[in-house]
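In this text, residue positions in the sequence shown follow my numbering: the first is 4, and each later residue adds one. Everything below concerns the one structure shown next.
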Amino acid sequence: MTPRDRADACPGAVQTHLAADGRLARVRVPGGLLTGAQLLVLAQAAVDLADGALELTSRGNVQLRGLADDAPPELARRLHDAGLLPSEAHETARNVVASVLSGRSGGLVDVRPVVQALDAGLVADPSLAALPGRFLVTVDDGRGDVHGLAGDAGLVAVAPDALALVLAGHGSGLRAAPAQAHDLLLRAARAFLDERAAQGSQAWRVHELDDGPARVAARLGSSVVPLAVPAADPPVGSLEQGDGRVALVGLVPLGRLTTAALDVLVQVTAALGSEVQLTPWRSVAVPDLPDEYVDDVATALHSAGLVFDAASPWAQVTACAGLPGCAKSRADVRADAARAVATGTLPVPGPQHWAGCERRCGRPAGSVDVLATGQGYEIGAG
Ligand code: SF4
């Protein structure tokens, strides 16, 4: 058990974090799905109130940096009007990642309605506002892309008519039909809070509780069981949808969606009346493209910095904020990582996370550390 002596301090859109470059706001986007209108609101807010860009997080959420001290109320008003802040009390609790392109390409179940019902049920229950900001929900449509992201409570489709409940990676022995699956997940979230209270704990995650998965399962009248779900690689590039249209999935270097990239995405979604999906791998999916538009959209997004080649070194590199955004950092890790990509001098092959200090913020599981020391970088520090 990891003892916690305080509540987590994850930032939100209202509870912003004061960073070295101004206030940082994190906007939860359950399932990563944004309508074109919502994307426009975020892009405009980034220009009007922040540094012009949107940062993608490892949970498919977005951050705005460099906000002035008096900007958060205006940001909250815009987000609320756009449906991006349905409950201020629940703002840090809505951490839901979902299979990318579910209902459009692959998967056993279209989990978009599950995510919608889950989010609605979450904000409708005042008790669930107590969920820690670190508590992660995964909703996997059976393809195995988000099941392995170390969620606390999750659903994974095991048949076209059944989703299994997962607790910190363990099967729970419980299943539900797609229309009832959100209820099962919400019951699990309440059971976590009840077990946490019973243990007198301030745990942020299920695995931090004593015997967490088993105790939470027991509160649901079940017990943990093995559950094997083959993992799938994150999508990159062009994918044909079930309806014959095309989805483009572009990597966003260092997770920073620039004003130029946002302009293209806003134009595309406005022209097609479509949406985008932010992924937990700091990429953006642009679905529902008619075949004749695909090359032009890909070219415009590539010109704005997005990468459509899974073999690109950008597929391997993540970084924390570093200098100048974080005063704790010993280096401008993003600039250094970008230089290493541009010059072909990445220090190791494969996934690597560049961090300015030992906190290693945003480090994906399985990455090698590239840790700033003040005199250079230490590789593979554990
Ligand atoms: S890892 Fe350290 S330097 Fe990087 S953002 Fe986190 S606290 Fe700042």
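Note that beta-carbon positions come from the ideal geometry of N, C-alpha and C, so glycine has one too.
- Message: Given 7 Å as the limit, tell me if Ala324 has its C-beta closer than that to any heavy atom belonging to ligand 1.
- Response: By one-based count along the sequence shown, residue 324 stands at place 321. Yes, Cβ of Ala324 sits closer than 7 Å to a heavy atom of ligand 1.
- Task: Measure from the alpha carbon of Arg115 to the alpha carbon of each residue in Ser105, Gly109 and Ala123, then state which is nearest.
- Result: Indexing the sequence shown from 1 puts residue 115 at position 112. Ranking the options by Cα distance to Arg115, first place goes to Ser105.
- Message: Considering only their Cβ atoms, is the gap separating Asp51 from Gly69 smaller than 8 Å?
- Response: What you label residue 69 is simply residue 66 of the sequence shown in a count that begins at 1. What you label residue 51 is simply residue 48 of the sequence shown in a count that begins at 1. Against a cut-off of 8 Å, the Cβ pair of Asp51 and Gly69 comes out as no contact.
- Task: May I ask you to report which of helix, strand or coil DSSP gives Gln244?
- Result: Locating residue 244 in the sequence shown gives position 241, counting from the first residue. Three-state DSSP puts Gln244 in coil, outside helix and strand.
- Could you give the distance in angstroms between the alpha-carbon of Arg222 and the alpha-carbon of Pro129? As a working mapping, residue 222 is identified with position 219 in the sequence shown. As a working mapping, residue 129 is identified with position 126 in the sequence shown. Spanning the two alpha carbons is a distance of roughly 20 Å.
- Take Asp299 as the anchor and find which of Gln47, Thr262 and Leu268 has the nearest alpha-carbon. By one-based count along the sequence shown, residue 299 stands at place 296. The shortest Cα separation from Asp299 among Gln47, Thr262 and Leu268 belongs to Leu268.
- To the nearest angstrom, report how far apart Leu187 and Ala165 are at their CA atoms. On the sequence shown, residue 187 is found 184 positions in, with the first residue counted as 1. On the sequence shown, residue 165 is found 162 positions in, with the first residue counted as 1. If you take the alpha carbons of Leu187 and Ala165, they lie about 12 Å apart.
- Query: With Ala191 and Val232 assumed to form a contact (beta carbons below 8 Å), what rounded beta-carbon distance in angstroms separates them?
  - Reply: Locating residue 191 in the sequence shown gives position 188, counting from the first residue. Locating residue 232 in the sequence shown gives position 229, counting from the first residue. Not quite, the Cβ-Cβ distance comes to about 17 Å (not below 8 Å), so this is no contact.
- Task: Would you kindly work out how many angstroms separate the C-alpha atoms of Ala194 and Gly124, rounded to a whole number?
- Result: In the sequence shown, counting from the first residue as 1, residue 194 sits at position 191. In the sequence shown, counting from the first residue as 1, residue 124 sits at position 121. If I take the Cα positions, the gap works out to 15 Å.
- Is the CB-CB distance between Ala132 and Ala96 below 8 Å? Position 129 of the sequence shown holds residue 132. Position 93 of the sequence shown holds residue 96. Taking 8 Å as the Cβ cut-off, Ala132 and Ala96 qualify as a contacting pair.
- Message: Less than 8 Å between the beta carbons of Leu349 and Val320, yes or no?
- Response: Walking along the sequence shown from the start, residue 349 turns up at place 346. Walking along the sequence shown from the start, residue 320 turns up at place 317. Yes, Cβ-Cβ distance for Leu349 and Val320 is below 8 Å.
- Message: Please return the same chain residues whose Cβ sits closer than 7 Å to the Cβ of Pro293, not counting the five positions on each side in sequence.
- Response: In the sequence shown, counting from the first residue as 1, residue 293 sits at position 290. Same-chain partners within the cutoff: Arg248.
- Query: Based on the DSSP output, what are the partners of Leu27 in its beta bridges?
  - Reply: Within the sequence shown, the letter at position 24 stands for residue 27. Answer by DSSP bridge pairing, in chain order: His20.
- Item | Spatial distance of Asp266 from Ala274 (CA atoms) | In the sequence shown, residue 266 corresponds to position 263, counting from 1. In the sequence shown, residue 274 corresponds to position 271, counting from 1. In a straight line, the C-alpha of Asp266 is about 12 Å away from that of Ala274.
- Task: Using the Cα positions of Pro135 and Ser90, report the straight-line distance between them to the nearest angstrom.
- Result: Residue 135 sits at position 132 when you count from the first residue of the sequence shown. Residue 90 sits at position 87 when you count from the first residue of the sequence shown. Whole-angstrom Cα-Cα distance: 15 Å.
- Check the Cβ-Cβ distances between Ala341 and every residue of chain D, and say whether any is below 8 Å. Included in the structure is just one protein chain, with no chain D present.
- Proximity below 8 Å, CB of Arg342 to CB of Ala322: For the purposes of this step, residue 342 is taken as the residue at position 339 of the sequence shown. For the purposes of this step, residue 322 is taken as the residue at position 319 of the sequence shown. Result no, Cβ atoms of Arg342 and Ala322 do not sit closer than 8 Å.
- Message: Rounded to whole angstroms, what is the Cα-Cα separation between Leu21 and Pro327?
- Response: In the sequence shown, counting from the first residue as 1, residue 21 sits at position 18. In the sequence shown, counting from the first residue as 1, residue 327 sits at position 324. Roughly 13 Å separates the two Cα atoms.
- Task: Return the first residue and the last residue of the alpha helix (DSSP H) that Val114 is part of.
- Result: Position 111 of the sequence shown, counted from the start, is the residue given in the question as residue 114. No alpha helix (DSSP H) holds Val114; DSSP gives it neither H nor E.
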